[in-house]
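Residue numbers (the numbering used here): 2 to 114. Think of the CB as a built atom: it goes at the ideal place given N, C-alpha and C, for glycine as much as any other residue. As structure tokens, the structure follows; a few thoughts come after it.
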């Protein structure tokens, strides 16, 4: 039996997004679902705070409920190409779960299941 632990920090609540201003690094990928984070203005705030921190961003959007293996693999491929220092998932459980799985296949591309 093998085991791996995913790095995770979940920030929530009033002014939680402002934490992004303090991140160190050069690149961040933002993973979202169907677009409510865009429509409600949260994505704009995230991009603004990351820009303030001097971080280049890439958006991976369209994570469906109960994310498919195909979506996870597409996201991992984007991560391998972009090489982010940070992975930021916004929204509900599906984008968060997908981002964790994408990270696993990004960091360990030889992994199979």
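Rounded distance between the beta-carbons of residue j and residue i, thought under 8 Å
{"i": "residue 59", "j": "residue 43", "result": "About 17 Å; that fails the 8 Å criterion."}
{"i": "residue 57", "j": "residue 22", "result": "Actually they are not in contact, since the Cβ atoms of residue 57 and residue 22 sit about 15 Å apart, beyond 8 Å."}
{"i": "residue 62", "j": "residue 93", "result": "Contact doesn't hold; Cβ gap of about 14 Å is too wide."}
{"i": "residue 46", "j": "residue 18", "result": "5 Å"}
{"i": "residue 20", "j": "residue 12", "result": "5 Å"}
Bridge-paired residues (DSSP) for residue i
{"i": "residue 87", "result": "29"}
Boundaries of the beta strand (DSSP E) in which residue i is found, first to last residue
{"i": "residue 59", "result": "57-61"}
First through last residue of the alpha helix (DSSP H) which encompasses residue i
{"i": "residue 94", "result": "94-108"}
{"i": "residue 52", "result": "43-53"}
{"i": "residue 9", "result": "Here residue 9 belongs to no alpha helix (DSSP H), and DSSP marks it neither H nor E."}
{"i": "residue 39", "result": "37-40"}
Cutoff 7 Å; reference residue i; Cβ partners in own chain excluding five residues on either side
{"i": "residue 106", "result": "73, 74, 77 and 112"}
{"i": "residue 118", "result": "Outside the displayed span of the chain (2 to 114) sits residue 118, for which this structure offers no information."}
Interface flag, residue i vs chain C, CB-CB below 9 Å
{"i": "residue 19", "result": "Judged by its chain identifiers, the structure shown contains no chain C, having just a single protein chain."}
Residues near residue i in its chain [Cβ-Cβ closer than 6 Å; skip 5 each side]
{"i": "residue 68", "result": "95 and 99"}
{"i": "residue 85", "result": "28, 29 and 30"}
8 Å CB neighbourhood of residue i in its chain, flanking five on each side removed
{"i": "residue 110", "result": "77 and 81"}
(message) Does the structure place the stretch 89-103 close enough to the stretch 30-38 that three or more beta carbon pairs sit under 8 Å?
(response) Between the stretch 30-38 and the stretch 89-103, the count of C-beta pairs closer than 8 Å reaches three or more; the two stretches touch.
(request) Flag this pair as touching only if the stretch 43-54 and the stretch 75-93 have three or more C-beta atom pairs under 8 Å; answer yes or no. (result) Flag = yes, the stretch 43-54 and the stretch 75-93 touch.
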